[in-house]
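To start, the structure under review is shown below, and the notes come after it.
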Amino acid sequence: EAGVAQSPRYKIIEKRQSVAFWCNPISGHATLYWYQQILGQGPKLLIQFQNNGVVDDSQLPKDRFSAERLKGVDSTLKIQPAKLEDSAVYLCASSLVRGLNEQFFGPGTRLTVL
Amino acid sequence: KQEVTQIPAALSVPEGENLVLNCSFTDSAIYNLQWFRQDPGKGLTSLLLIQSSQREQTSGRLNASLDKSSGRSTLYIAASQPGDSATYLCAPIKAAGNKLTFGGGTRVLVKP
Chain S
1 EAGVAQSPRY KIIEKRQSVA FWCNPISGHA TLYWYQQILG QGPKLLIQFQ NNGVVDDSQL
61 PKDRFSAERL KGVDSTLKIQ PAKLEDSAVY LCASSLVRGL NEQFFGPGTR LTVL
Chain C
1 KQEVTQIPAA LSVPEGENLV LNCSFTDSAI YNLQWFRQDP GKGLTSLLLI QSSQREQTSG
61 RLNASLDKSS GRSTLYIAAS QPGDSATYLC APIKAAGNKL TFGGGTRVLV KP
């Protein structure tokens, strides 16, 4: 079974630029999550999708971050404009259904904002 | 708001010793708790998922216990190996929405 795929793996941008990350969840997984992990900390949930609808985006900085999951499969996370404090690893995860199932994580995208 | 603490933050042991990693959480109204491993520069690998109705879960050399009433979980790794060197994260799951709240992790180094 293929795992969660993410791209790019690394990205370096200057502050005020924009950037986008892509995630392809495990086939058949209805729930998709984006997490932000700052160096030395545990991941923090940014947004959760159930199919193509948003379930929880309470910790998403909506003035600069946006995410979509068209057709309930792939998802993109965008930052515009980026700030220095956005430097982090962005992790995508998926689970079978919204509920109490195990979450599976992708390798992450490491973003450096200069 | 759920707060998760993992102690110690870092641990260094010689190969062959048993590892004990602690996780405490403030809101005991959880449904499951998941333990993860993270290698440097990599994503998270799920190790064990304990349901609230269980008190422990085992997989090979790994054993995780859960005491909901006291807000604690412990991950035991028997006969540690250098390949066990990684950061270990715990994440209790609220019943609503399958939302994970992570601790800061315990960074483990197993010396040959």
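Chains as they are written, first to last, in the numbering used here: chain S, 1 to 114; chain C, 1 to 112.
Every residue gets a Cβ at the ideal spot worked out from N, C-alpha and C, and that includes glycine.
- A distance below 8 Å between beta-carbons, with the five flanking residues on each side excluded, links valine 13 of chain C to the following residues of its chain, in chain order: Leu19, Ser80, Val108, Leu109, Val110, Lys111.
- Aspartate 86 of chain S and glutamate 68 of chain S have their C-alpha atoms spaced approximately 19 Å apart.
- Nearest CB-CB separation between glutamate 85 of chain S and chain C: not below the 8 Å threshold.
- The residues Ile47, in chain order, have a CB closer than 7 Å to that of valine 54 of chain S in the same chain once the five nearest residues on each side in sequence are set aside.
- Annotation: the continuous beta strand (DSSP E) that includes alanine 64 of chain C extends over 62-67.
- What glutamine 34 of chain C touches in chain S, judged by beta-carbon distance under 8 Å, is Glu102, Gln103, going in chain order.
- Close partners of lysine 42 of chain C in chain S (Cβ separation under 8 Å): Pro107, Gly108.
- Among the residues facing chain S, glycine 105 of chain C is included, as its CB has a counterpart in that chain under 8 Å away.
- A straight-line Cα-Cα distance of about 26 Å links glutamate 17 of chain C and glycine 71 of chain C.
- Burial check for glutamine 54 of chain C: the Cβ neighbour count within 10 Å stays below 16, so the residue is exposed.
- Here leucine 84 of chain S carries a helix assignment [DSSP, helix/strand/coil].
- In this structure, glycine 72 of chain S lies near asparagine 51 of chain S, with their beta-carbon atoms less than 8 Å apart.
- Beyond the five residues adjoining it in sequence on each side, threonine 101 of chain C comes within less than 7 Å, by CB distance, of Gln2, Val4, Ala91, Pro92 in the same chain, given in chain order.
- Looking at C:Ala10, C:Asn63, C:Thr106, C:Asp39, the one whose alpha-carbon comes closest to that of isoleucine 77 of chain C is C:Asn63.
- The beta carbon of tyrosine 31 of chain C is closer than 8 Å to those of Gln51, Ser52, Ile93, Lys94, Ala95 in its chain, skipping five residues each way along the sequence.
- DSSP places lysine 94 of chain C inside the beta strand (DSSP E), whose first and last residues are 86-94.
- Here glycine 28 of chain S is exposed. Its C-beta has fewer than 16 other C-beta atoms within 10 Å.
- Relative to the Cα of leucine 66 of chain C, the nearest Cα in the group C:Thr106, C:Leu89, C:Leu49 belongs to C:Leu49.
- Close to phenylalanine 102 of chain C, with beta-carbon spacing below 7 Å, are these residues of chain S in chain order: Gly42, Pro43.
- 8 Å or more divides the Cβ of glycine 43 of chain C from the Cβ of proline 25 of chain S.
- For the 8 Å CB-CB criterion, phenylalanine 104 of chain S and serine 69 of chain C do not form a contact.
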